[in-house]
Each structure stands twice: as C-alpha cells, then as structure tokens.
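Trainee:
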Amino acid sequence: MTLSRFARPYEVNQPERHRLEVQNVSLSFGGVNALTSVSLTCEPGEILAIIGPNGAGKTSLLNCICSLYRPQRGRIVYHDRNLVTTSPHQLPKLGIARTFQNIELFSHMTVLDNLMLGRHIHMKKNIFTSMLYWGPGQREEIHHREFVEQVIDLLEIQHIRKQQVGSLAYGLQKRVELGRALAMNPGLLLLDEPMAGMNVEEKEDMARFILDINEEWGVTIILIEHDMGVVMDISDRVAVLDFGRLIALGTPHEVRANPQVIQAYLGQEHALMQE
Amino acid sequence: GRIGLAQEGEPIKIGAVFDLSGATGDVGTPYSVGVVGYVDWVNANGGVEGRPIELVSQDYAYDVATAENLYVQFVEEGVVAFMGWGTGDTEALRGRVAEDQIPFMSASYSAALNDPAGEAPYNFLVGTTYSDQLVIMLQYMLDEWVADDNDPADMKVVFFHNDSPFGTSPLEDGEAFAVENGIETMRIAMPRGATSYEAELTRADEFGVTHIIVQNVSTPAALLVSEAADFGLLEDIEFGCLNWCADEILIELAGEDAEGVLGALPFGPTTVEVPGQEIPSAWLDENDMTLEEATLHFTQGWWTMAVMVEGIRLTLAAGQELTGENIKANLESITEFDTGGITAPITFTPDDHRGNRSLTIFSVEDGVWTAASDVIDLRTEE
Amino acid sequence: MTGTEKKSLSLQGLLDHLQTYFAAKTWQWYLTLFGILAVGAYLLNWFVPQAQDNPASFVRYTYNGIAEGAILALVSVGLVLIYKATDVINFAHGEFMMLGAYIAYEMLVEFKVSFLGIDRLGLVPALIAAAVIMGLLGILVERLVLRPLVGEPVISVIMVTIGLSSIIHAGVGLQWGTDAKTWQVRDTALADGVLAQVPELFPQDSEIRRDLETGAYEREIEGSRRPVRFQYDKVYIVLIVSVVILALIFFFKYSKQGIAMRATADDQQASLSMGISVKRIFAITWSIAAMTAGIAGLIVADTGGGAKTDIPGVGLRAFPVIILGGLDSIAGAIVGGLMIGLLEQYAVGYIDPLLQENFASLASASTKNVVPYLVLIVILMFKPYGLFGQKRIERV
Amino acid sequence: MTDPLLSLNNIEVIYNRVILVLKGLSIKVDEGKIVALLGANGAGKSTTLKAISGLLKPENGSVTDGSIVYKGQNIHNSDAAAIVRKGIFQVMEGRRIFEHLTVEENLRAGAYIQRNPMEARRRMQIVYDYFPRLNERKRQVAGFMSGGEQQMLAIGRALMANPELILLDEPSLGLAPLLVQEIFRIIKRINQEQGVTILLVEQNANIALSVADYAYIMENGRVVLDGTPQDLTANADVREFYLGLTDVGHRKSYREVKHYKRRKRWLS
Amino acid sequence: MTATQCGVFHESYGSDLQLRPTTMQRIRIVLVLAVVVILPLVANNYLIRISNSIIIAAIGAIGLNILVGYTGQISLGQGAFLAVGAYSSALLTTYYDIPWPIAVVLASFITAGIGMMFGIPSLRLKGLYLAVATLAAQQIVQWVLNNWDPIDGLQDGRATNALRIPDPKIFGYQLNQDEKAFYVFGVLILIAVVIVTVNLFRTHVGRAFIAIRDQDIAAEVMGVNIFRYKLLAFATSSFFVGLAGALLAQHSTAISWERFTIEISIQYLAMIIIGGLGTISGSIYGAIFITVLPELLREMGDFLTKSEVLNADDFRLYLPFIQRGAFGVAIVITLILEPEGIVKMWRDIKNYFRLWPFSY
Ligand SMILES: Nc1ncnc2c1ncn2[C@@H]1O[C@H](COP(=O)(O)OP(=O)(O)OP(=O)(O)O)[C@@H](O)[C@H]1O
Ligand SMILES: Nc1ncnc2c1ncn2[C@@H]1O[C@H](COP(=O)(O)OP(=O)(O)OP(=O)(O)O)[C@@H](O)[C@H]1O
Ligand SMILES: [Mg+2]
Ligand SMILES: [Mg+2]
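Chains as they are written, first to last, in our numbering: chain X, 60 to 334; chain E, 2 to 383; chain P, 43 to 438; chain S, 2 to 269; chain Y, 16 to 375.
1. With DSSP as the reference, label Val259(X) as helix, strand or coil.
2. Is DSSP giving Ser267(Y) helix, strand or coil here?
3. Is Thr272(E) near Val127(E), with beta carbons less than 8 angstroms apart?
4. If we define contact as Cβ-Cβ less than 8 angstroms, is Val196(P) a contact residue for chain X?
5. From the beta carbon of Glu355(Y), is the nearest beta carbon of chain X less than 8 angstroms away?
6. So, with DSSP's three-state summary, where would you put Gly25(S)?
7. Whose Cβ in chain E lies nearer than 8 angstroms to the Cβ of Arg271(P)?
8. Pick helix, strand or coil for Val210(E), following the three-state DSSP scheme.
9. Who are the neighbours of His211(P) on chain Y, taking C-beta pairs under 9 angstroms?
10. Measure the alpha-carbon distance for Thr100(X) versus Ile281(X) and round it to whole angstroms.
11. List the residues that DSSP assigns as beta-bridge partners of Gly241(E).
12. What three-state label does DSSP hand Gly164(P) in the structure shown?
13. Between the C-alpha atoms of Gly136(P) and Ser207(P), what's the straight-line distance to the nearest angstrom?
14. Whole angstroms are fine: how far does the CA of Glu284(X) sit from the CA of Ile110(X)?
15. Nearest to Gln217(P) by CA position, among Gly343(Y), Gly356(Y), Ile346(Y), Tyr333(Y), is which residue?
16. On the DSSP bridge assignment, give the partners of Ala349(P) in chain order.
17. If we define contact as Cβ-Cβ less than 8 angstroms, is Arg193(E) a contact residue for chain P?
18. Cβ closer than 8 angstroms: which chain Y residues qualify as neighbours of Tyr415(P)?
19. In or out: Tyr123(E) buried (at least 16 other Cβ within 10 Å) or exposed?
20. Got a sec? Which residues, its chain only, sit under 6 angstroms from Tyr259(P) by beta carbon, not counting five neighbours each side?
21. Relative to the alpha-carbon of Ile117(Y), which residue among Leu258(Y), Leu178(Y), Arg362(Y), Phe275(Y) has its alpha-carbon at the smallest distance?
22. Can you pull the DSSP bridge partners for Ile69(S)?
23. Measure the C-alpha to C-alpha separation of Glu185(E) and Ala154(E) and round it to an integer number of angstroms.
24. Suppose the cutoff is 7 angstroms on Cβ atoms and the five residues either side in sequence are ignored; what does the same chain contact list for Val320(X) look like?
25. Return the CA-CA distance between Asn113(X) and Val36(S), expressed in angstroms with no decimal places.
26. Can you list, in chain order, the stretches of the beta strand (DSSP E) that have 3 or more residues and sit fully within the region 136 to 160 of chain E?
27. Find the nearest neighbour of Thr129(E) within the set Leu292(E), Leu266(E), Lys329(E), judged by alpha-carbon distance.
28. Looking at the strands, I want to know which residues DSSP matches up with Thr361(E).
29. Just to be sure I understand the criterion: a residue counts if its Cβ is closer than 7 angstroms to at least one heavy atom of ligand 3. Which residues meet that?
30. Once DSSP output is grouped into helix, strand and coil, what is the label at Tyr259(P)?
31. With distances taken Cα to Cα, identify the nearest neighbour of Gln197(X) among Glu75(X), Ile211(X), Met182(X).
32. Consult DSSP for Trp361(Y) and reduce its assignment to one of helix, strand or coil.
33. Starting from the beta carbon of Ile250(E), find every residue of chain P whose beta carbon is closer than 8 angstroms, and list them in chain order.
34. Please classify Met276(X) as buried or exposed, where buried requires at least 16 other C-beta atoms within 10 Å of its C-beta.
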C-alpha cells in the first residue's frame, strides 16, 4: 500500500472492493439457533442494510463475517477467501472493517491513537525500529498520520484529536469508532447500529458521513439499524432477518411492503406511520 | 539498634544481622538475645582490653537482599567483624566479606563455607558442620544398631530434609559415609506449606525405614515426629534430628511423641549443667529471663559471639591494629578455646575454619535432652 | 458443503473444538478426570516397585489426599466468596487463617476452654470463638480498608490485601512472636470420655478396628508392614468442611442475601439501583470469608503442628485449587481441593520416586508443589475458566 | 393544585469535582403521570436521573446546589438504597441486567427491598403477566438474552420493587420498532393499571411524546423548553430537531441532509 | 488526562509527534538529572547501593509494567523471570566464559524467550486466571533452580546454596564492589530503557499492546494478531525483567533462588500498582517507594532508639514487626488515598495548581 506524500487517499487509493457472498450460513450456541441457512450477497459499492427484531441474529451474522464467530455450516466468501476459516485479525488485510453495537473503543487512548491503531495493519516496521523511533519508525508514523488526518477531516472531529475517548460524549464516541474503522482504508465496512441512542440531529450527521464514505471513498457498507427512516433513506438494498432466517431481501420499497416483514419487525402502526 | 555502654576506650564496632521477624525468627530471636547478651556482659565487665563493643545490628527478616544492604551500611559505619545468620545471606556475602576483609561468623554450618584457601577466607564456623553432625549421627546409630546384633546391610536410613540447599547440604557426605558402611539411604524432601507428612512417611515406610534423620528446623520436624507416632512408625525406628531441630522447641511442640528422639547437638542444651551455662544464665536472671525460655539457641548466640570477641581480644592483646586481617590471623591461632562445655573446645587453623568436628548425641528422656553418648570426635577418628 | 472446511487446523481451532465438546458434557468431563486420576495413580502404582509391594500405600495416599483436599477446599471457599462478590483475590487470606489459628491457641491454652469437661473438645468452643472473632475482624477490615476502595480498580484492591497481609503478620508477630504455638497434646480423656461412647461405625467382625487410645481406625492390609490408620481427626475435618460448604452453597443459590451478593459481583451500580446496600453485602462477604478462614486456620493448626507463622503458605497452596475449580465456584473449590489434595499425595508417592530413581540429580526433588501447577495449566488450556468457573460473557 | 410528587429545583451536578454537567436544572413530576425528558446526547439526562436516585456517588459525581424534593422530603443527600426504599426505582441506561444470574434471580434481586417473600412472589406473577416472554425464559442466564428481552427484564425488575416512581432511561435504546411499540404500550399500561409515576428519558421523541403527559427538553444541563406534547410538537425547532419533520410536515429524508444544515435557535 | 499547554502549535506532523516537553517538564527533567549526577558525589556507599537497588528495581518494574500496566496481562511470575535473567547471565559467565556485558544481553534475550513460553497460556486465559497460571511459572522455575544440579553452584563437587560468578569489571572498575561505578553504569542503562519504552508506546507496537488491554476483541478486528502481540508483550516485558535480573546477578555476584520467590513477584506488582499502572514514571516512583520505604522505616526505628525515645532493650525485638506493619499501613494508606497510584497523585497536584485558584 503506497501513499504518495501529498495525495488524498480517495484519489489515488480507492480501496479494493469485492463482492461478499454469504452462503448457507448456520450458527448455533448450544441449543439456540442464531442463524439458519442464511444466504445473501453484497455487491461492491452498495449500502446493504440488515434489519430484524432483537435477537434475530444480525450481530451474529456480522460476527460471522468478521470471523469472530465460526458458523457450524456454510461459507462466507470475500475476495476468493472463505472467511469462516480465517482469523479475525486477518480480515483488515482483506479490507474489511467494522464498528460495534456497544462502542468498543480503546478508552484510555486518545482519539488520534485510536485512529492510528486503525492503521495498524499498514505499518510494517518491527518492534526494534519502534523502540529506536528516530528514523524509519518515525517516518512511518508521520506517513500514516497523514492518512488519519484525512479521516479526521471527513468526520469533523479535529477539535477532539488529543482527547481521551473514554471521556467523550456518546455521539462523538460513535463517530470516533467509525473513524477508527475508516482509518483501515477498508473496501467493506460493517456498521452495527451506528445510530442507536442518537437524536434526529445526530442521526442526520451520521447519515451524512455514511453517505460520504460510500459515495466519495467508494466503500461498500453493510449496516445494521433499527431506525427505519434511516434504513429506508440511505440503503440500496435491505435484508431482513427473523429468528435467524432471512425472510426478505430487496429494495427498501419492496421490503417495507412485505407482509412478513411488517408482521415480524415493523408492526402495522409503524408501517403506516412511515407512509 | 546499637548496644553498648560508655567505656573508656574507643568502641569496637561489630555488625550483625538477625532474623527476628522472618522465616526463622523462632530460633533467630533467642540467638540474637545471646549475641546481644554477650556484648552487654562484656561491656559491663570492663570491655575488651578496656574497650567497649558497639554492636551495630538489625533484623533482616531472612531476606538476602536486605542482608546485603545492611552489610554495606554497617561496613560503611566501620565495623571490623560481622555476625551473620542464615545460609543464604552467608553465602551471598562471602565474596564481599573476603574483599572487605571482615571476619564473619554465622549460624549456618554448611560445610561449603569452610574454604579458607579459596572462596571463603574470612568465614569461620563455630558450630560443627552439618555434614559432620550427620556423619556423627549416622556413626552413633550404626554403633547402636550393630550393638543390638543387627546387620549394617539391613539398616535403612531416610533423610528428611528441608526443601532447600540448607536441607540438602550435608546429604552427600552422609551418603558417602553410608556407602562406606553398607547402609542404604533415601532422601525425602519436606516441602513448604505442608499440613501433613503422611505421604512422605508412607514412602519411608515402603522403603523399610529403620532410621530417620531430619535436617530441618524444629517446627516442621515436630510435625513429622507427631505424624510418625500416629503412623505407628516411631515405635519401631530411631528418629534423629540435626542441630536446627534438636532443641527445646521440638520437645515443646511434639510433646510425648518426642520421647526417644535423638539429637546431634553442637551446642549443649540448657538442661546440661556445665560451667558454660553459668554466666549466661546469671545475665538472663538480671534481665528477667530464664534459661528454659531462652533455649539453647541463646547460648549458641552467646558463645559464638564469645569466640569472635576472643579473636578481637587476642588482636588487641598482641598490640596489633584492629583490622579484619589481624583479627582473622588471631582467630586462626585459637586453639582449644573453652566454651565451658557448651561445645567441644574450639580450634581454628589457617587451613581449617571449622571450630571443631565433634559433638555429643543427646536423646529426649522425660521431656529433657539427655546425653546419650560420649563426645564423638571425627578429628580423632581420622 | 464438506465437513473438513469448518475444522480449522490452527491450535486455537482445535482447542475451541475441544472446549465446546467438554462444555456440553460437563459431568462426564469431571467423571473422566477423576477416572483418569484414579487409573493414572493405579498405573503408577504398578510401575513403582515399592508401591506394588505395599498396597496399603495407595489407600493411605488416597484417604490422606481426601483429608488434605477437604482442608484445601475450606481454605479456597473463602477466597472464592470474596472473588464472587468483589472480583478480588484476597492475598491476606492465609494471614486470616493464621490469625484464626492463634485465636484458637489463645482460647485453648491461655483460656483453657474445654467442652463436656474434656480438654480436647475445647476445640468446639475455640472453633466458635475463632469464627466469631474472625467474622468481626472481617467486618472491621472491610469497613476500614476496603470500603474506601469500592468502585476502584480491582488490582488496587488486591494490592491493598497484600498490604493487609503485612499488617496482620506484624500484629501476630507482636502478640505471639514467631515460634509455633501448639495445643497438640495427646489427650487420653478424650478416648475415655467420648470415643468410648461413640458407637462402632463398623460391624464387630469387620476388618476395621478402633484404637480407643488414639481414636484411630485401623485395618490390616495384606503385604503391608503395619496396619493402615485413619486418624479420627481426619474424619472430623471432612465433616466440618462438608457442613460449612453445603451451607454456603445453599446460601448463595437460594437466599436473598446470596442472590444480592452475586448481583453485586455482576454490577455494583445496578445493584445499588435495586436498593441493595453494596456496603452491607461487602461486609457480609468479608465477614463470612474471614470466618471460613478462621475455621480453616484452626483445622490446619490442629492437624499441622500448631499455630505458626508459615500457615499463610497453606493459603498459597489454595491458588491452584481455586483456579482449577473456577474462581467463582464453590462447588469448584471442593472438586479442585480434592483433586489437588490427591495430586499432591500421588506426586509424593509415585512421581517423586520415578524421578529420584531415574535422574541422579533429582535425588532430593519433591514435586508436591509443582505437579498441581502443571496439571492446572494443562486443564486450563481446555477449560480456561477452570472446571466450574463461569465463563465471562463477552459479546460484541 | 397539589404538590408534585417529585421536584428538582435548580440543581447543579459536578463530576470529579471539576466537570459541571447540570447547571441549575428544574423539573417537576406530578403523581400518576408520565413525564418525558428529551435532549441531545450529553445534555445531562442520565445525570439528572442518577441525581434523583442517588447513583451519582459511585461515578464520582455530586449534587452541589439546589434541592431534590420527593413527597415533601429533601432526598438529595440520601444514599441509593434509602431512596429505593422510599419508592423511587431507576432503570438504568443500557439495561444493566445481572448477566450471570438467571431471569428469575434477576427479578428476585429486584425485589431485594421487599421484606415479605409472599409479596415478592405476587409481584413476580405480575411481571410475568406483563412480560410472558420472561416467564418462558425464567431459568435462562440473562446475559445471553436478546436486547429486547433484556430491556423487558430491566423494567420487570423495577416492577418487583413495587415503586411509586420509576425513572426510565432510554428504554428504546437498540430495540426493534415493533418491540419499541410493545415496550411503550406496556409502560403506558403499567402507568395506568398500577398507578406508577414515570419519569422517562428518551431519544425517540416521537414515541416518548405519544405516551407522555408532559415533557421537558434539555440542552447543556439546562431545561430549554417544556410543555405538553401538543405544545411541543407545535414548536418548529422541536419538529425539526427532535421529530425530524420538514416545514411542510413530512419526514426529512436522510439522503438529503447533506445538502442543508441549520443550527438550533436556542443554542446560538 | 495529559492536558498539554494551550497555545502550542505545530507546523508538521513530525513536530506534533515529538515528545514535546513543556517548560515545566523540561525543568523537571533537568532537576532529576541534576539529582542523579550530584548524588554519587555526596552520598556514601550505602546510599549509592540503595540507589543501585532502585535502578535495578526500576528496570524490572518497567518491564513488568509493559505486561501488566500496558497490555493488561497480570503476572505473578516476575520472580521467575528475574531468576532466569540472573541465572542465565551467571551461568554464561561462569561456565562458558562469556564476557559479562555480552552475557547480560544474552540473558535478557533468553529471558524474553522463556517469558514468551510462559506467555502461551495467555492465548486462552484472562485476568486472574492468567495471573495464577504465571504463578505456575514462578513455581516451576523455582523448582528447577532448587533441584537442577548444574544450577546449584558446584564448588569442589559440593553443592552450595549460592551461585558465585566472576567479578564483573569494566574499564578497570569492579562493579560488584564499586557501588559508584555500578551506579554510573546502571543509570545509563535505566535511561536507555526509559527512552526505549517511551518510544515503544509512541508507535504501533505499543499502541497494539494498549489496545489489547482496553478491548481485545476490537483490537483483533482492527488487525492486531492478539496472540502474537501478547507473546510479544511477554517477550518485551521479560526482556527488561531479565535485564534487571542479570544486573542483579552482576551486582551481587552471589545468587540463590531464595531471592526470587513469590514475595519478590508480589513486591514488583506492588511497585507498579503503587507507582501507577501503565506509566513509565510510575514504575520508577514505585521502585523508589518499595525500595526506600523499608530502609526509611529502619532508619527511623534506629533514630528513635538512638535518641532514646524508645528504649532500645525493650523495643529491639518488637521494632521489626512494627516496621513491617508500618510498611503494610503505608501501602494501604497510599492506595486508599489514590488507588491509581503515585503518578495520579502527582498529576492531581499539578492540575490543582494549574487551575488554582479556580477549582472549576
Ligand atoms: N456469544 C453468544 N453466546 C450465546 N448466545 C449468543 C451469543 N451471541 C449471540 N447469541 C444469541 O444469538 C441470538 C442472536 O443474537 P444477536 O446478537 O445476533 O441478535 P441481534 O439481531 O444483533 O439483536 P439486537 O438487535 O438486539 O442486537 C440471540 O438469541 C443471542 O442470545
Ligand atoms: N462519570 C462521569 N464522569 C465525568 N463526566 C461524565 C460522567 N458521566 C457523564 N459525564 C458527562 O456529563 C455529560 C452528561 O452526561 P449524561 O450521561 O447525563 O448525558 P445524557 O443526556 O444522558 O446523554 P446520552 O443521550 O448520551 O445518554 C456528558 O458530557 C458526559 O461526558
Ligand atoms: Mg445486535
Ligand atoms: Mg444518557
């Protein structure tokens, strides 16, 4: 991964994007079937939303994609690799990044360090150069710092760069977490409820960032979200899970009209209210 | 603390580390009282050639690093001789001691410390070495065994030892003696934190043990004695302790079970009436203590200090400057120094820093250590 | 879909696999373990010549292992309690035990308590006194030292318990010095007074006889040099430990305070919001833990040569026990205690001789203190939370 | 007019002795009502609830000024356990169920202040009636349940204590729309059937306003607006920033947000 | 936490990444260096010796802090790793005639290797479970030292307790005797260790360690190979601990396993917890606290008896216990006052004065 000194990352460094195929994935915990033969694909460049009731297995599916869970059955293919047999720490190298449902930041580090950790896989220097610092180690740090500053600009978090993330407001933490994932320069970004617990105003900001990332940086996005307004507005396609099964997959319009989805997830009132 | 009385002459500084609060505090405390007592007594009786002794001492809680720090601190303060305590600190310090030329006596009688020509030119051993203690104990047991019409080949000795170099240090010499005399032996370690030695005793029983010898301190040894009694072993076998467990504490802890236990005692117990008990016990009286409470480790400390002071006295008497080198030379000239029967007479030579190689075997009779043999002296035997 | 794909070849994958297998079949797993221990011991027994000549040894190692295991279990239970409620390992536990032992000494020797006119039975009031005083001390310690640290990092609290151990050591040293204090004087009155009245446990024609003088049961075993003796005090240890531990299990599982304690362990702030007084819960926990420590200390001193300053070393032996059983499981403390107790005995009986005979340089080695750790590490690789420990719920 | 059940008068809260979070906040909660407290992230809503329930202390926060009066008694210095006994129960943000306890044990922990075991059993039945799903899962370890079930458990746990006032912190957080509706329906039922007063903190202004009798809007540690739901929905700022409606009354599209951005008036 | 001065602007990322001391920090560094330089000129041998103990302890504590404070893996095996460092440097000089400076470096690497080996359980174990697993390292190493023949110092075929090693000499100074020479040597090494660790935590390797501590699953998803980095943390940590052990061996020239027991492990934990977890300066403060406090208490006891406030005869036997108790009390009080250690205390004081007289 080379980055010329003054280049903007999204000009010279469009991330590699691939199609993600989830094939027949089944996952269970003891007696609980979290996922039952789920198959779907996510095309490069699209925003795919995953919705479904609580406990439907949305997060579990995401965890399967980034190899945190190992499904008992099925394959997940990305860039000719079966992710089921890959270790989680190898995924960033394939260009897959994610955020978490309950913010999982490195709470004692500064925002900058959190983002720099996102560059971890791109850093090649070993522990000895690290310890010496001056020379190659320092050059590498500066080089990656430039990239991170792009992310900071995009997400408008310049003012909190040097603050410890643990003391930040919830909404900002969500933003930093998004930034950390973005710093990896991923081709596929998995977002688990990025807008939970936010008010309308903050959701708007977040939606703006997600669209920017998708449109300008060209990142494929898979998004779990409970706010139907957001899902309907920004996603290209929507997948609906219920009790671990995929019950619908299509454009937001198709899905919203699907009676099964209304029954399992939206509820009559909600479906009407949205109209 | 510093103990010393105002005297005419310039005080003679002697450094000491004691274990009052550490792992061996039970025996370290009376030993320290003995050392301090002797200094007090000397100072009260005119000092050494008119000069008082100033004892510069501290507790080191059986911690080697602390002992090293204290040693450096005391040398800095100008001590001319040093009283150590355990095996660990004595061995850790012997290099420095040699470098600084500070005569050093401790309560560790590991034979390895007797190395005047080599590593440990300034270490002196007042007590009979552990190796010698073990050999004498074996010799005594063998004699008894044969006297009872038994075949030495049937004699099976198990060494129960502290799980540390202190515990194993005499074993090789003991085994060498055993091989010479056709005795079978086995080692069994007594690990720390044990609440029962029944498993260890079971092993000894399987071995067909006829004699047990313990190289450990009194508290675990007492437990071993009691458990051996419960096991039913004590009725059939001889049980012996080397000096750190053959003391009054063992009898107190093990009670009736201790009856008949043998002890290799380089320093006579408080119950033997020899001249060497008189001054110490008079001093104890003055200080509201009794000899029984003080245990034999008190007299041990007392007389060890006495030997060290004798070296200093000889140096001063000869009109020499009080340097470590001179004290060492004078210590090496001591012959047949009389400790009033507490130990065999002490003799050092330039190539042997073992004060003596002899002792009396005692045995517990009616709760009292009672002499069971004459003095057995390895020097004369050789 | 081929089945080979899901099996990753990595070590991690293999371990995961084994772990899920064992997690699903918990009970079989424990039975297997004990099975392995027993069979293993038997096999060793077969390989070690002296042991073969002496079948009594195996019996001795085993019953002694159970008695030692019971003591270890009791010691461990106190540690588990504190961990359950506060996430802290109490490094002063061994010192609590030591204090309990000295209190018992004070009662038995200085105050000369006795019970039913028999000195030896003075242990009963001494035990009660040790438990009560230690319980109060537990409350005091909680109040003075631990309460100011509620909500602070666990490791700081652990460190404070280490400071506490220093303080207790110092206190004991000031009060009782460093020499051992014993009350273990053979008491014939006990034999005449009580043991004579206890009905025979075994039928008249049984091979097991009772020795009235010491209270020990004896059995001749063929090929053994002398009869195997079961000391009666080993029996009473197992009894006391069983009672204490069963009581604790029920307390935690069903009582309101017990549930509140577990809730507090999970989430202190949420417990506060339930109206649970976290302070009170902590005080109760420390008090119960200190009580069990006091009782354990008394038992250790009674069987292990009196009250002495190396009793905390027994506390150290409890570490592998609580980890093996699972830091937060009382049942685990029992299983772990028994396993470690037996392991220690078998290590002395079978592993030491193997080493001594085959490696000249290990002639004086004792593996009693390392074998538990080796076994522990192996088991932990399969069960990272010990045998009964609760897996931390980590979901993202 | 009767006295309110609970009133906060000009309270100030400071964390770590330096961070001033509530800057003279006043709200009133009338008996038997549902009062909603809305506001942006970090406005201090949770802090307000914790100030009432006495849970600030473990977080190193303290009420430095003003008073919190409950049934005529000043409670701002009482400790958490005493406040629960007075009948105020907080359901904390993020559910905070006891993960390693079973559902039933969680409920029993909720009934900690209940002296009478029979009463506790009766309350448990009431909880199971409201949340039949909890009844089905009563032996399950709570940590493995889904978010919605955990939220039900958190509210059920509050019911166990039989409180007069429940402080609910973001009950809809992370819940699916259907469940949000279900939970709020139950909240309303509890309020009506049990007569429990509820102080509700919510990000989902739509649904909060649909159940509330009165609402406050906070920014930066102060109340900036209050009124009945009808009043508030009429306010243009509320419509835009809390309900996400355009001037015409349609919902704004998130796809278009990037093209415009207007700041709230009361902030500038 | 680390609020920097306002009004500092940087024109390049490079300068922003500098270890940018503020004026106050510069003054502090100068003051510390001044003390370090002046000390050997004015102090006696004993004080320099204590300083040397502090230097060794500080290096070991920094090592332990890398593992416990920065990476979040609690270790009770410190004593074992110190022992490995000490014994391997000793055996290398004694049996293989390797010059001692090289032996010290090799010993550090050997310890890193052994540390890595005992780090393997961290693959599966967390928190206190791991802590007790490292206690296994302690027990096993201690057992080996106690029982393995070649390790007992063999002297004329007779096993002794302590292993004696040749005197380390450098430029004609004999480090085990000449406390001043050791001091100079030790200070230089400590400075190097501090610089190296500070650098480590400015770059991605150190960041990965901290990430594992704060949130390991997230770290893994960010591409940090957890297992590898945990092992790396064990190795780096053990490297410095091994270095401390080797220096200890060279300083004392007589080593025995009794110096490397569980108490030592606990003592080192105490250093970093009382000093401040996850900070370099905390490790040093802690090393000073734990090393100096007992000496101080002893001096105080000495002073009290000498000045006859306490009667020497009566108190001689009690003083050690009182000192030990006071040591415990000091630990407890320090932690109750500031559970996050001396560093936090110091920081709070600074913040207080920065904001003074306006508290908020
Ligand atoms: N680590 C785990 N162990 C056991 N069960 C689990 C685990 N992770 C998830 N589950 C179970 O799998 C099911 C699906 O959970 P998941 O977290 O994927 O749901 P979700 O769709 O993300 O729900 P929500 O919208 O509430 O986040 C649930 O029943 C849950 O209890
Ligand atoms: N324990 C604490 N220590 C320091 N600051 C805190 C603490 N808790 C909250 N804060 C700060 O107080 C402010 C208000 O926090 P609070 O949690 O009350 O907000 P909120 O309105 O509930 O927001 P949210 O919608 O995110 O839950 C925030 O800026 C937060 O950073
Ligand atoms: Mg989810
Ligand atoms: Mg909140």
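Backbone N, C-alpha and C fix where the C-beta goes; we use that ideal spot for every residue, glycine too.
Mentor: According to the structure shown:
1. Your numbering for residue 259(X) matches position 200 in the first sequence. In this structure, Val259(X) counts as helix in the three-state DSSP scheme.
2. Within the fifth sequence, numbered from 1, the residue matching residue 267(Y) stands at position 252. Judged by DSSP in its simplified three-state form, Ser267(Y) adopts helix.
3. Looking up residue 272(E) in the second sequence gives position 271. Looking up residue 127(E) in the second sequence gives position 126. The Cβ-Cβ distance between Thr272(E) and Val127(E) does not fall below 8 angstroms.
4. Position 154 of the third sequence, counted from the first residue, corresponds to residue 196(P). It does not: the Cβ of Val196(P) has no partner Cβ on chain X nearer than 8 angstroms.
5. Translated into the one-based positions of the fifth sequence, residue 355(Y) becomes position 340. Taking Cβ atoms only, chain X never reaches closer than 8 angstroms to Glu355(Y), which makes this a no.
6. Locating residue 25(S) in the fourth sequence gives position 24, counting from the first residue. In this structure, Gly25(S) counts as strand in the three-state DSSP scheme.
7. Looking up residue 271(P) in the third sequence gives position 229. Below the 8 angstroms Cβ cutoff, chain E contributes Asp231, Phe232, Gly233 as neighbours of Arg271(P), in chain order.
8. To locate residue 210(E), count along the second sequence from 1; it is residue 209. Val210(E): coil per DSSP, three-state reduction.
9. Position 169 of the third sequence, counted from the start, is the residue given in the question as residue 211(P). In chain order: Phe336, Arg339, Gly340, Gly343.
10. Here the question's residue 100(X) lines up with position 41 in the first sequence. Here the question's residue 281(X) lines up with position 222 in the first sequence. Their backbone Cα atoms lie some 11 angstroms apart in a straight line.
11. On the second sequence, residue 241(E) is found 240 positions in, with the first residue counted as 1. According to DSSP, which records beta bridges pairwise, Gly241(E) is partnered with Ile214(E), Leu263(E).
12. Taking the first residue of the third sequence as 1, we reach residue 164(P) at position 122. In this structure, Gly164(P) counts as helix in the three-state DSSP scheme.
13. In the third sequence, counting from the first residue as 1, residue 136(P) sits at position 94. In the third sequence, counting from the first residue as 1, residue 207(P) sits at position 165. Between Gly136(P) and Ser207(P), the C-alpha separation is close to 8 angstroms.
14. What you label residue 110(X) is simply residue 51 of the first sequence in a count that begins at 1. What you label residue 284(X) is simply residue 225 of the first sequence in a count that begins at 1. When rounded, the distance between both Cα atoms is 6 angstroms.
15. Within the third sequence, residue 217(P) is the residue found at index 175, counting from 1. Checking every option, the nearest Cα to that of Gln217(P) belongs to Tyr333(Y).
16. Here residue 349(P) refers to the residue found at position 307 when the third sequence is read from its first residue. Paired residues: Lys223(P).
17. For this step, residue 193(E) is matched to residue 192 along the second sequence. Answer yes: the Cβ-Cβ gap between Arg193(E) and chain P drops below 8 angstroms somewhere.
18. Counted from its first residue, the third sequence places residue 415(P) at position 373. The contacting residues are Leu150, Ala151, Gln154, Ile155.
19. For the purposes of this step, residue 123(E) is identified with residue 122 of the second sequence, where counting begins at 1. By the neighbour-count rule (16 or more Cβ atoms within 10 Å), Tyr123(E) is buried.
20. Position 217 of the third sequence, counted from the start, is the residue given in the question as residue 259(P). Take Tyr259(P), set aside five residues on each side of it, and the residues of its chain with a beta-carbon closer than 6 angstroms to its own are Ile250, Arg252, Phe272, in chain order.
21. In the fifth sequence, counting from the first residue as 1, residue 117(Y) sits at position 102. Measuring C-alpha to C-alpha distances from Ile117(Y) to each of Leu258(Y), Leu178(Y), Arg362(Y), Phe275(Y) identifies Leu258(Y) as the nearest.
22. On the fourth sequence, residue 69(S) is found 68 positions in, with the first residue counted as 1. Leu9(S), per the DSSP bridge assignment.
23. Residue numbering aside, residue 185(E) sits at position 184 when the second sequence is read from its first letter. Residue numbering aside, residue 154(E) sits at position 153 when the second sequence is read from its first letter. For Glu185(E) and Ala154(E), the distance between alpha carbons rounds to 7 angstroms.
24. On the first sequence, position 261 is the one that residue 320(X) refers to. Excluding residues within five positions, the ones whose Cβ falls inside 7 angstroms are Val299, Ile306, Ala307, Val314.
25. In the first sequence, the residue the question calls residue 113(X) occupies position 54. In the fourth sequence, the residue the question calls residue 36(S) occupies position 35. Straight-line Cα distance between these residues: approximately 27 angstroms.
26. Runs of the beta strand (DSSP E) inside the region 136 to 160 of chain E: none found.
27. Within the second sequence, the letter at position 128 stands for residue 129(E). Comparing alpha-carbon positions, the option among Leu292(E), Leu266(E), Lys329(E) lying closest to Thr129(E) turns out to be Leu266(E).
28. Reading the second sequence from its first residue, position 360 is the one you call residue 361(E). In DSSP, Thr361(E) forms a bridge with Leu266(E), Val376(E).
29. Residues flagged by the Cβ proximity filter: Lys117(X), Thr118(X), Gln160(X), Asp251(X), Glu252(X), Ile283(X), Gly148(S).
30. Residue mapping note: residue 259(P) aligns to position 217 of the third sequence, counting from 1. The answer is strand: DSSP assigns Tyr259(P) an E or B state.
31. Indexing the first sequence from 1 puts residue 197(X) at position 138. Closest by C-alpha distance to Gln197(X), out of Glu75(X), Ile211(X), Met182(X), is Met182(X).
32. Looking up residue 361(Y) in the fifth sequence gives position 346. Reduced to three states, the DSSP call for Trp361(Y) is helix.
33. In the second sequence, the residue the question calls residue 250(E) occupies position 249. Here the neighbours are Asp221, Ala222.
34. Taking the first sequence and counting its residues from 1, one reaches residue 276(X) at position 217. Note on residue identity: the sequence assigns Trp, not Met, to residue 276(X). Taking every protein chain shown into account, the CB of Trp276(X) has 16 or more other CB atoms within 10 angstroms, so this residue is buried.
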